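Once you know that position 103 of the sequence shown is 103 in full-length UniProt numbering, the rest is easy, because the numbers rise by one and skip nothing.
Notes follow the structure.
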Amino acid sequence: MPNACLSVRLGAVKSWPEPQLPRLTSTGKVPTVFDTSTRSPRRLRGSEQTARLYVCGITPYDATHLGHAATYVAFDLLNRIWRDAGLEVVYAQNTTDVDDPLLERADATGVDWRELASSQIQLFREDMEALRVIPPASFIGVVESVDEIAAGVRDLVDKGAAYTLDNGDVYYRVSTQITPPFGTVSHDDRETMAALSAERGGDPETPGKENPIDPLLWRAEREGEPSWDGGALGRGRPGWHVECTVIADKYLGFPVDVQGGGNDLIFPHHEMSAAHASAWRDTPMAKTYMHTGMVGLDGEKMSKSKGNLVLVSQLRERGVDPMAIRTVILSNHYRSDWSFTEEQLSIAEARLKAWTHAAKCESECRQGLREHIIGLLREALTDDLDSPRALGILDEWAEHYADSEPSETAALSGDRVADAVDALLGIRLLD
């Protein structure tokens, strides 16, 4: 069981090694993506040749499953396309290294919650490195950010945007007048919000709250739970949504160009984080909200309760090439809900084999044709990150070399298609 009322300071969370990316001699364009908030396409130009990206990280109480991987590969794709357009990408990601699910899992397994978090964060790093995901410049744990989060909560209290219950818990007032208005991210009605809040970590039945969907900002200390000094808030620990608000503000500043995550985070997490930002800093949290679809297994929703998680680490232990895992993910559009099957994996492995063969025959390909293929890849990927279309272009490219013999690697003028596949899609075909 977690130590009672323990004031803890874990070491700073560290990112994983960055993959070496080929440098293409030509430059692409900035992407257009679907913005959840405006429900319309938005061109992501960044500002002053810089793009700021914040993606919500894992709660490290279990291994990385394919749904997690699909989200981080999707935003890795965005990162790569921005870079290809010549933008500097400033990327921050949190990890929720203290939270109810983590504490409950630690209690159930008899493992110290800090050890559990540390082990699962390390496994996540290994999975991301294997999948060639470009790491965030700032990979930040909640525990190392508690002081800043507590200060942010105190500011919200001082502004009248938060209130304290008799037991010391602090809640945000969703009735706070903000610009843009509360509900702008999700567009959900209050009935839907209440239902989703109950399903996704909220506590609409808690007595004393002004509004059932008011989210927790600071949980007062409880016996058997870790806690920190919150100053005027008393001892306790942060609520979920405000953690991302404060971390994004500290490491990126508002508004970020893109706030991203799975579509199960639209409400309450991203709606509440955005509300906290507007009430706290009088500015929107993000210019654009991007969300990825959910991943199932053999037609069923993937969940811990059903025991049907497909873990990236288990696939790797089976000897599955991480590039095949990445190919499976990219064969589905990032906004689509989809289901993993072993057949998809077999198809991905066959595609990789064909593309690799084509890459070894690339000296036969005229520079003009290579440039045309790379242009088609860029056209697909700047159009709402249309990776399935991009992979189809690679299939057509590979068909031209199906009966060719691999040639000795020769110096080629211009860019190689294989280099573009690595730089843009993150799929490495040649060592």
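All C-beta atoms, glycine included, are put in the ideal place defined by N, C-alpha and C.
Computed from a predicted structure; not experimentally measured.
Among the candidates the options, whose CA atom is the shortest distance from the CA of residue i?
i           : options                   : result
P180        : V111, R222, K287 and A232 : K287
T382        : L77, T71 and E364         : L77
S175        : Y72, K209 and R326        : K209
G234        : K14, A423 and V146        : V146
T391        : S336, V328 and L430       : Checking the displayed sequence, the identity of residue 391 turns out to be Leu instead of Thr. For the residues S336, V328 and L430, the minimum Cα distance to L391 belongs to V328.
G224        : D112, Q367, P60 and R366  : D112
V153        : I247, Q122 and A198       : I247
I149        : G86, A137 and G230        : G230
L48         : A85, V295 and N332        : The residue you asked about is not Leu; residue 48 is Glu in the sequence shown. Ranking A85, V295 and N332 by Cα distance to E48 puts A85 first.
T245        : R39, A51 and V55          : V55
N211        : S186, L165 and V185       : L165
N332        : Y91, G307, K360 and G296  : G296
R318        : V30, Y251, L345 and A151  : L345
A359        : F182, R39 and E396        : E396
residue 476 : L44, V133, G110 and M302  : Residue numbering for the chain in the displayed model covers 1 to 431; residue 476 lies beyond these limits and cannot be assessed.
T38         : L252, H291 and M193       : H291
G262        : H68, M302, V30 and P19    : H68
Distance, Cα to Cα, residue i vs residue j?
i           : j    : result
A232        : T36  : 37 angstroms
L309        : S339 : 11 angstroms
E88         : N167 : 46 angstroms
T206        : E243 : 21 angstroms
L102        : I374 : 44 angstroms
E271        : F34  : 17 angstroms
residue 460 : I347 : Here the chain has residues from 1 to 431 only, and residue 460 is not among them.
E221        : L376 : 56 angstroms
residue 434 : T32  : As displayed, the chain neither begins before 1 nor continues past 431, which places residue 434 out of reach and without an answer.
D337        : A162 : 36 angstroms
A106        : D99  : 11 angstroms
I393        : A380 : 9 angstroms
A418        : L217 : 48 angstroms
A354        : D384 : 26 angstroms
V185        : L429 : 39 angstroms
Q177        : S40  : 25 angstroms
L44         : D386 : 15 angstroms
Y171        : M193 : 16 angstroms
A402        : E343 : 22 angstroms
V30         : G110 : 49 angstroms
Using beta carbons (cut-off 8 angstroms, strictly below), is residue i in contact with chain B?
i    : result
F267 : Of the protein chains in the structure, only one exists, and it is not chain B.
Within a Cβ cutoff of 7 angstroms, which residues of the same chain sit near residue i, ignoring the five residues on either side of it in sequence?
i           : result
P255        : T283, P284, M285, A286 and K287
R219        : D169, G236, R237 and G239
W16         : R125, M128, E129 and P135
S404        : C361 and E364
Q259        : Y54, H270, M285, A286 and Y289
residue 433 : Absent from the model: residue 433. The displayed extent of the chain is 1 to 431, so no value can be given.
G202        : I213, P215 and P268
Which residues in the same chain have their Cβ closer than 6 angstroms to the Cβ of residue i, if we skip the five residues on either side of it in sequence?
i    : result
A281 : Rather than Ala, the amino acid found at residue 281 in this sequence is Arg. If we look at R281 and ignore the five residues flanking it on each side, its Cβ neighbours are F254.
D188 : F267
R416 : E362
R378 : G28
A51  : W82, L87, V89 and D257
L66  : V295, V310 and F340
A274 : V185 and M285
Going by the CB atoms, is the gap between residue j and residue i shorter than 8 angstroms?
i    : j    : result
D431 : V312 : no
G293 : R335 : yes
G28  : I81  : yes
D257 : A277 : no
E241 : P204 : Reading off the sequence shown, one finds His at residue 241, where the question assumed Glu. The answer is no: Cβ separation not under 8 angstroms.
A398 : H372 : no
A279 : L196 : no
A151 : Y91  : no
Can you list, in chain order, the residues of its chain whose CB lies under 8 angstroms from that of residue i, leaving out five sequence neighbours each side?
i    : result
L6   : With a pLDDT of only 44 at L6, under 50, the local geometry of the prediction cannot be trusted, and no value is derived from it.
Q120 : I58, P60, Y61, D62 and A63
D264 : R200 and M294
L123 : A63, T64 and S313
P388 : L330, S331, N332 and H333
K306 : E300
R9   : Any reading at R9 is ruled out, since the residue's pLDDT is 46, under 50, leaving its predicted position unreliable.
A173 : In the sequence as displayed, the identity of residue 173 is Arg instead of Ala. Answer for R173: G160, A161, A162, Y163, E210, N211 and D214, listed in chain order.
Does the ligand MG have a heavy atom nearer than 7 angstroms to the CB of residue i?
i    : result
D415 : Of the ligands one can find in the structure shown there are none, so the ligand MG has no counterpart to examine.
Kindly confirm or deny that the segment 15-28 and the segment 411-425 touch, where touching means at least three C-beta pairs closer than 8 angstroms. yes
If you pair each beta-carbon of the segment 64-74 with each one of the segment 100-117, do three or more pairs fall below 8 angstroms? Segments in contact, no.
Taking one C-beta from the segment 83-99 and one from the segment 130-149 each time, how about it: are there three or more such pairs within less than 8 angstroms? yes
Is the segment 364-371 close to the segment 315-329, with three or more CB pairs under 8 angstroms? no
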